[in-house]
Amino acid sequence: MTGKPDQHKQAESVADRIIERLGGRIVLALPLGLGKANLVANALFERAARDRTIDLEIFTALTLEKPSWSSDMERRFVEPLAERLYSGYLGLTYAKALREGSLPENIRVSEFFFVAGHWLTIEIAQQRYISANYTHVGRYLLDRGINVIAQLVTKRGDGVDAEYSLSCNTDVTLDVLPALRARRDPFLLVGEVSSRLPFMPDEAVLPAGEFDLILDGPDRDRPLFVVPREPVSLADHAIGIHAASLVKDGGTLQIGIGSLGDALTAGLILRQRRPELFAGALHRLAPHSDTVKQETGAFEDGLYAASEMFVDGFMDLYREGILMRRASDGAILHSGFFVGSNAFHRFLRDLPEEERALFQMRGISFVNELYGDEERKRADG
3 MTGKPDQHKQ AESVADRIIE RLGGRIVLAL PLGLGKANLV ANALFERAAR
53 DRTIDLEIFT ALTLEKPSWS SDMERRFVEP LAERLYSGYL GLTYAKALRE
103 GSLPENIRVS EFFFVAGHWL TIEIAQQRYI SANYTHVGRY LLDRGINVIA
153 QLVTKRGDGV DAEYSLSCNT DVTLDVLPAL RARRDPFLLV GEVSSRLPFM
203 PDEAVLPAGE FDLILDGPDR DRPLFVVPRE PVSLADHAIG IHAASLVKDG
253 GTLQIGIGSL GDALTAGLIL RQRRPELFAG ALHRLAPHSD TVKQETGAFE
303 DGLYAASEMF VDGFMDLYRE GILMRRASDG AILHSGFFVG SNAFHRFLRD
353 LPEEERALFQ MRGISFVNEL YGDEERKRAD G
């Protein structure tokens, strides 16, 4: 598609337009985690729930939900936390229907990645689970005939000159978009504008003409879902110090979300700030260990990151001058998606544009696969 996308201020009119253009069969892909177009997804769900002639199939992963409670005691602890962190966040109607056992027969939901333990008792969610490697999810989606991607985006400029950043979720969208555009079958790319997302540059940016429908209305300022950082135990810190001693200066790093990732980050920062203290802690933890070459010095060349997920820890390492080794395109990090704390989202929004360009969001195949650009990726790694 070229030219100006069809602009809407209300999610219901976007849903009407999708149904009008695709008829009664909608195969909706929502990005993993933060990048879901919740307003559009909810409007489509509600239309299909009212009109059973509409067949709606949803493919996604990592459905983010506000914390809930099962007793009054739990409520008294959780409710103030939920109000502080998630006030104004709009949840996903399909998740509520799954939990309540009220999913209509004409609506199906399949996920390829669950938050650990969150769907153990929901039989229909377990039955519809897709066991797929993240790297190959794009192929699975194409095989299942998706005809809509509805994604949270952020905007710069207006009209035909507007640009939209896929921001937090370039992962699968960049991988499947060329194939979807090449098909003869109808396909719609739908953007839901958020003013809270950081405008990530370069390959994350699509011109207005790539989108078929844009929702840019009064809800553009609604809060993002946040993942607060977990407490780091003493055992986590011990593991983090050991792991930090294996990281070579000039190397490449991947970090996952959670307390172990934060413990590794803390270990690397201790090593950078106080190498002698880091070495002493390492010796006390394993006084007789001499089987592994231990790295205890501060970083001179620094680290480069190639990580599926861009987490708070990389923000900390950048601020400490550890995440600074540049790849061949000048980036210090390549990633496919991010979700994190309010501080993390604010950090990315507030970075000067030239600094934000150091953090490159790419298709997940670029981050996870060596094949396709082996020479360059070997050099960067």
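Heads up, my numbering is the position in the sequence shown plus 2, with the first residue counted as 1.
C-beta: ideal position from N, C-alpha, C; glycine also.
At least 7 Å separates the beta-carbon of A31 from that of L154. By the CB criterion at 7 Å, A152 and V42 fall inside the cutoff.
Contact check for H10 against L217 passes: the beta carbons are separated by less than 7 Å.
Rounded to whole angstroms, the separation of the alpha carbons of A308 and F280 is 25 Å. Partner residues in the beta bridge of R110, as assigned by DSSP, are E59. Taking C-beta separations shorter than 8 Å and ignoring five residues to either side along the sequence, the partners of V80 in its chain run P69, S70, W71, following chain order. Under DSSP, M311 forms a beta bridge with F339.
Nearest Cα to F340 within the set P33, V16, Y91: P33. As summarised for the segment 197 to 262, the continuous alpha helix (DSSP H) elements at least 4 residues long and confined to that stretch are 236 to 246, given in chain order. Taking D223 as the centre and dropping the five residues before and after it, the same chain places the C-beta of S197 closer than 6 Å to its C-beta, in chain order. Look at T156 here: in three-state DSSP terms it is strand.
Straight-line spacing of the CA atoms in L176 and L248 works out to 33 Å.
Where S167 is concerned, the enclosing beta strand (DSSP E) starts and stops at 165 to 167. Pairwise C-beta distances place the segment 110 to 125 out of contact with the segment 248 to 268, as fewer than three of them are shorter than 8 Å. Taking the Cα positions, F301 is about 50 Å away from R110.
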